[in-house]
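Worksheet: the structure to be examined is printed underneath.
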Amino acid sequence: MINIEELKNKITFADCFEIMQQLPDKCIDLAFIDPPYGKKCDGGSYGFGLTPKQYQKKKWDEKIPDKKVFDEIFRVSKNQIIFGGNYFSEYLPPTNAWIVWDKVSDYNFKNDFSQCELLWTSYSFAMKKFIFVQQGFVNGDPAEALENRWHPTKKPLKLAEMILLWLLQTKRLEGDALVADFYSGSGTFAIACHNLGLDFIATENDADYYPLSVARLEKAQAQQKLNLWGC
Ligand SMILES: C[S@@+](CC[C@H](N)C(=O)[O-])C[C@H]1O[C@@H](n2cnc3c(N)ncnc32)[C@H](O)[C@@H]1O
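Heads up, the sequence shown is in numbering that gives the first Met the number 0, so the first residue is 0 and it goes up one at a time.
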């Protein structure tokens, strides 16, 4: 067994399955995760126009994780929120408690990009929508829009914060909860947890992303956290 305290509030360079196998049952309050969708969106050319963004091509999005990995996610965590839940329907039971990420709001974009993304959740609530505009280079957070984006499937920090804040406000998550992001990528969900004063563990197994995500997290950790939840 691994000492979970040693994993807390940092990103660990590891295969998430190997870490989960060393964790006790239900030691994580919420697995807030964004696993590979199996869409081969792990690099290459993104966007449109004359200057599409180029990312180093990787292989982590060749296929969705094996069932044994999802079994471990469900074993170690009490609740789960899973980005791209529609890609993992073979592992996930039906529910009405989906979160819809509305990426367009009232804008009338003339492109073929996805207008929504679906997050499967283990909670019980009527389907819930969060609006955060993200279409190509258009980004609802001016600060994030200016950042040098180096991860091809980075999720918006503000969206992650909105979801976690709503869980806290509706008491679906306690302030002393432990959140896990087993597919940390650029570290977005770890930073969202930090910004809201939540403890987290995170794993990333790509040797290029890992140091960049640690630097991004440490920059956030150098700022004072909100600690709104008395923990
Ligand atoms: C969809 S991306 C996550 C993006 C992240 N939510 C963000 O905002 O940056 C999935 C990430 O999981 C990582 N990954 C894939 N398989 C993994 C595994 N077995 N263990 C740990 N990380 C893994 C990939 O390298 C990739 O960075």
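Ideal Cβ positions, reconstructed from N, Cα and C, are used throughout, including at glycine.
Query                                                                                                         : Result
Alpha carbon of Asn85 to alpha carbon of Trp59, nearest angstrom                                              : 18 Å
Burial state of Gln55, where buried means 16 or more other Cβ atoms lie within 10 Å                           : exposed
Outcome for Gly229 when other beta-carbon atoms lying within 10 angstroms are tallied against a minimum of 16 : Only weak support exists for where Gly229 lies, its pLDDT of 49 falling under 50; the coordinates are left without a value.
Exposed unless 16 or more other CB atoms sit within 10 angstroms - verdict on Asp105                          : exposed
For Asn107 and Val213, the rounded distance between their alpha carbons                                       : 37 Å
Nearest-angstrom beta carbon gap, Pro155 and Glu143 [assumed within contact, 8 Å]                             : 6 Å
Opening and closing residue of the alpha helix (DSSP H) in which Gln220 lies                                  : Tyr208 to Gln220
Status (buried if at least 16 other CB within 10 Å, exposed otherwise) for Glu17                              : exposed
Buried or exposed by the 16-neighbour rule on C-beta atoms within 10 Å, applied to Leu145                     : exposed
Whole-angstrom C-beta distance between Leu195 and Leu164, which should lie under 8 Å                          : 6 Å
Three-state secondary structure (DSSP) of Lys67                                                               : helix
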